[in-house]
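Notes for the one structure printed next.
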Amino acid sequence: MRVVIAPDKFKGSLSAPDVAKHLATGLQAGFGKGIEATRIPVADGGEGTIDAAIGSGFTRRTTTVTGPLGEPVKADFAVRDQEAVIEMAAASGLALLPDGPTSQTAKTATSIGTGELIRAALDLGCRKIILGVGGSANTDAGAGVLQGLGAVFLDKNGNELPGGGAALAGIDSIDFSNFDVRIEATEFVLASDVDNPLLGASGAPAIFGPQKGATPDDVTALDAAASHFVDVLAAATGQHAKFAAKAEGAGAAGGVGYIAIAALKAERRPGIDVVLEFTELEHRLKGADLVITGEGSLDEQSLLGKTPMGVSRAAQRNGVPVIAVCGRSTLSREQLTDAGFHTVHALTDLEKDVQKCIAEAGPLLEQLGKHIGVYLAERTENKEYLNV
10 MRVVIAPDKF KGSLSAPDVA KHLATGLQAG FGKGIEATRI PVADGGEGTI
60 DAAIGSGFTR RTTTVTGPLG EPVKADFAVR DQEAVIEMAA ASGLALLPDG
110 PTSQTAKTAT SIGTGELIRA ALDLGCRKII LGVGGSANTD AGAGVLQGLG
160 AVFLDKNGNE LPGGGAALAG IDSIDFSNFD VRIEATEFVL ASDVDNPLLG
210 ASGAPAIFGP QKGATPDDVT ALDAAASHFV DVLAAATGQH AKFAAKAEGA
260 GAAGGVGYIA IAALKAERRP GIDVVLEFTE LEHRLKGADL VITGEGSLDE
310 QSLLGKTPMG VSRAAQRNGV PVIAVCGRST LSREQLTDAG FHTVHALTDL
360 EKDVQKCIAE AGPLLEQLGK HIGVYLAERT ENKEYLNV
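The working numbering puts the first residue of the sequence shown at 10, with every later residue one more than the last.
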């Protein structure tokens, strides 16, 4: 019996590698000898993407970059040959704000550390860079990425501007004389499911700014500053910079999506598709008898392209039945069946107290894994097999 375990993280409880480890331990305890558990931690392009890359043969690298408030932080990225995977939250994430998001951090948080991570990957010879976005602290239209790559923003008096979205209101020109020219020879992939533009009622400041501490007045100011930045960038690099502000995905990660499209010429792709590609999940499904996937909460958002759906689609294409595990599920039986899941097992089936599920997710997952292993052993002994 060969089982592929391909879960996302259980947010707030366990990383994807830990979820896979606990499930594998339980499976082997329940099935006994004769089961092979292949662990492939996955993600949807946001938090956990580095773990997925490491689990697929990439090497973890660590460097010191500028954090969202200007402080030095150590950030990981992953490298395999000439390909790198960068998780921008590692350098520019909300989780790096020591006191959480406030109106002040909404205006001053910068994505410069993400640009510095890109430069670190270039220094290692990488010429394909996957940029996983999500969980960002900044609403700076991605300007910090350009600063991290050597661009200098100047006001009308020739003074260098600090980072952050609010400062963009004072930008007069951009000095690209020290900009990293290796960008031109590098392929970028923007791993993001966000389809918002940069500006306006559905733009980055309006939709995501409040989550980062922005007040209504801050949102208005940040949107105006980002619009001004687009005009200045277009004057420096060409009108494509204006068109890019309206592109789907430009509003991702406080506007880092915009700079990825406008300046890095990135191809935007759904995060789960990118991750499943570099993990080579479909190839590793060959010959599998069962796939187990899951995430902390199976809900309506899961159906919109989150990890379990991507894994389920890949399993169905390869004729392999798929089981989901989760902390809890709010989906109906019909929705789960339509999503391709043979069965779904939730931690709340074992423990009704959600807080205990979060605190004791590891042991509970081992119980679920053991239950699945016993079930598979019984079906195998009776020569009964799961139907796709």
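A virtual CB, placed ideally from N, CA and C, is assigned to each residue, including glycine.
Counting only residues of its own chain and dropping the five nearest sequence neighbours on each side, Ala29 has a CB closer than 7 Å to the CB of Ile14, Pro16, Arg48 and Pro50. Pairing Gly57 with Lys18 gives a Cβ-Cβ distance under 8 Å. If you draw a straight line from the Cα of Thr195 to the Cα of Leu290, it is about 25 Å long. The C-beta of His31 has 16 or more other C-beta atoms within 10 Å across all chains shown, which makes the residue buried. Excluding its 5 nearest sequence neighbours in each direction, Glu276 has C-beta neighbours in its own chain below 6 Å: Val198, listed in chain order.
When secondary structure is reduced to three states using DSSP, Val265 falls in the helix class. Taking a C-beta distance under 8 Å as the contact criterion, Pro110 and Ala146 qualify as a contact pair.
Closest in C-alpha terms to Leu340, from the list Leu373, Glu193 and His354, comes His354. Nearest to Ala200 by C-alpha distance, out of Gly54, Ile63, Gly76 and Gly305, is Gly54. Every unbroken stretch of the beta strand (DSSP E) spanning 3 or more residues and falling wholly within the stretch 249–318 is given here in chain order: 276–278 and 299–307. The beta carbons of Ala52 and Thr316 sit closer together than 8 Å. The beta carbon of Gly21 sits closer than 8 Å to those of Gly305 and Ile367, all from its chain and outside the five residues before and after it, given in chain order.
Cβ atoms of Leu106 and Thr114 come within 8 Å of each other, at about 6 Å. In the three-state scheme derived from DSSP, where H, G and I count as helix and E and B as strand, Cys366 is classed as helix. Judged by DSSP secondary structure, Phe86 falls within the beta strand (DSSP E) whose first and last residues are Pro81 to Arg89. Looking at the DSSP output, His354 bridges to Val334. Around the Cβ of Glu169, a 10 Å sphere holds fewer than 16 other Cβ atoms; the residue is exposed. Ala261 and Gly143 have their C-alpha atoms roughly 8 Å apart. Here DSSP, grouped into helix, strand and coil, assigns Ile14 to strand. Here the C-alpha atom of Ala175 lies approximately 9 Å from the C-alpha atom of Thr148. Non-local beta-carbon contacts of Ile183 in its own chain, meaning distances under 8 Å to residues more than five positions away in sequence, involve Leu155, Ala160, Val161, Phe162, Leu163, Val241, Leu242 and Ala245 in chain order. Taking Gly66 as the centre and dropping the five residues before and after it, the same chain places the C-beta of Arg89 closer than 7 Å to its C-beta, in chain order. Spanning the alpha carbons of Ala234 and Gly209 requires a straight line of approximately 12 Å. Rounded to whole angstroms, the gap between the alpha carbons of Gln325 and Arg293 is 14 Å.
At a cut-off of 3 residues, the continuous stretches assigned as beta strand (DSSP E) that sit fully inside the stretch 69–145 are 81–89, 92–96 and 137–141. Under DSSP, Ile183 shares a beta bridge with Phe162. Spatial neighbours of Leu23 in its own chain (CB-CB distance under 6 Å, excluding positions within 5 residues in sequence) are listed in chain order as Ala370. Counting only residues of its own chain and dropping the five nearest sequence neighbours on each side, Leu377 has a CB closer than 6 Å to the CB of Val334 and His354.
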